[in-house]
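A short worksheet on the structure shown next.
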Amino acid sequence: MPDYREETSLYAAIPSMALLYGRNLLDTLHERMGEQEDGRFRANPENAKVGWGRIIGVNGVQQGDNLGVLGGSAGPHFSYSFLALQAGMDVYRHDHADGSRDQAGAYFAIGGARGRVAHVDGQIGDSNFAAYTLGGYWTHFGPTGWYIDSVLQGTFYDISSFGDNGIPALKTGAQGGAASVEGGYPFRFAGGYFIEPQGQLVYQNIHINDASDVAAQIRFADVTSLAARIGARFGRTWAIDDSARTITTWLRPNLWNEFLGNPTTLFSSDTGFVPFHADLGGLWGEINAGISGQVTSTTTLYANASYQSRFDGGGFAYNGKVGLRVNW
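Numbered per this note's numbering, the sequence shown spans residues 2 to 329.
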């Protein structure tokens, strides 16, 4: 068995963590901004101002292979945690005569990640980054409540990775671009109940700058991800105390598949660069529950929590997100 140093596992985990972080910022429409129908109380729709913000917390484990980077494409075992603040504002709103409407806006996010990475020999180290994101979104709602939500975002990563062996940290930067297209069509029933089938595509590309530590030159191949989601939101909306304010609760099972997502990290050696992988591809399931309620006629508080797990046993994650939207 080759005697690879622990940094092969440490650095190989970085691209995977960046992909997972970017996907959590993109999220879905109702996670990002809460229930949309409860904001249609405004008297002058096109002149209304809408601002929103949320806090995102994620914890997860990528199981990797029992042999870590020596076991093939599954890559190293690592645990990770993300924390981010995301806030945005609608910059364009328009209601059409047929009952459809459009809204578009921009957002920023500041966050970070910490990963604890295990090497095949049991040694552990940290791969961390701070992240700064700018994004934009456009959402079209049909007359019956169906929607198409599109999001574009760019993220800058400030990366630091170091083992417990005292070797100076590897420091580098990265730039990522991401896009999401999501659609849903609600079927509404008596008593405020609804079922909303949904579908989504998420694309990411991340370029991590080449770097070096005391023992080798490190190259990160550009990593590309294409993930697809199908799911359905089961929920109910009802009035609060017979007032115009409403509250919505929902439960959404999802099926995800990653079609790409196979990051490659290369280390220099006497015989050339040696590649190490950390494959994120495959199917996983998710169960997501949320609530969105109007605290006042102009303020909506929303939150959701989810758990997801890969069907091949390769990892799991859970998260919680709390947001506030204000109309004025």
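We put the beta carbon where it would ideally sit given N, CA and C, even for glycine.
No experiment lies behind these values; they were computed from the predicted model shown.
Cβ-Cβ distances below 6 Å link residue 197 to 185, 187 and 234 in the same chain, with the five nearest sequence neighbours on each side left out; the list follows chain order.
In this structure the segment 49–64 touches the segment 80–90; the number of beta carbon pairs closer than 8 Å is three or more. In the three-state reduction of the DSSP assignment, residue 297 falls in the strand class. In the DSSP secondary-structure assignment, residue 329 is not bridged to any residue. Under the 10 Å beta carbon count, residue 218 is surrounded by fewer than 16 other beta carbons and is classified as exposed. Contact annotation: the segment 155–172 touches the segment 122–138, with at least three C-beta pairs closer than 8 Å. Here the C-alpha atom of residue 100 lies approximately 27 Å from the C-alpha atom of residue 252. The beta carbons of residue 116 and residue 318 sit no closer together than 8 Å. If you check the CB distance, residue 173 and residue 206 do not come in under 8 Å.
Three or more Cβ pairs closer than 8 Å define a contact, and the segment 299–315 falls short of that threshold against the segment 263–276. DSSP places residue 158 in the uninterrupted beta strand (DSSP E) bounded by 148–164.
Here the alpha carbon of residue 182 sits roughly 14 Å from the alpha carbon of residue 257. Distance from residue 102 to residue 142 at the Cβ level is roughly 5 Å; contact confirmed, criterion being Cβ atoms closer than 8 Å.
Distance from the Cα of residue 35 is smallest, within the candidate group 169, 291, 104 and 316, for 291. Nearest in C-alpha terms to residue 77, of all of 14, 295 and 168, is 14. For residue 20, no beta strand (DSSP E) run applies; the uninterrupted alpha helix (DSSP H) run containing it begins and ends at 8–27, by DSSP. DSSP places residue 32 in the uninterrupted alpha helix (DSSP H) bounded by 30–34. For residue 194, the beta-bridge partners assigned by DSSP are 237. By alpha-carbon distance to residue 120, the top candidate from 293, 326, 320 and 63 is 63. In this structure residue 307 touches residue 320 by the C-beta definition: roughly 6 Å separates them, less than 8 Å. Taking C-beta atoms under 8 Å as the contact rule, residue 107 and residue 137 qualify, at a distance of about 5 Å. In terms of Cβ geometry, residue 7 and residue 214 do not form a close pair [threshold 8 Å].
For residue 193 against residue 238, the beta-carbon gap comes to about 4 Å, under 8 Å, which counts as contact.
Going by beta carbons, residue 280 and residue 105 fall outside the 8 Å limit. Looking at the DSSP output, residue 97 sits in no beta bridge, so it has no partner there. With a beta-carbon spacing of about 5 Å, residue 114 and residue 22 fall inside the 8 Å limit used to define contacts.
Straight-line measurement puts the Cα of residue 118 at about 20 Å from the Cα of residue 112. Counted as a single uninterrupted DSSP element, the beta strand (DSSP E) harbouring residue 171 occupies residues 171–185.
Note on geometry: alpha-carbon atoms of residue 221 and residue 202 lie some 25 Å from one another. Taking a C-beta distance under 8 Å as the contact criterion, residue 191 and residue 19 do not qualify as a contact pair. Per DSSP, residue 279 is not a residue of any beta strand (DSSP E), being assigned neither H nor E.
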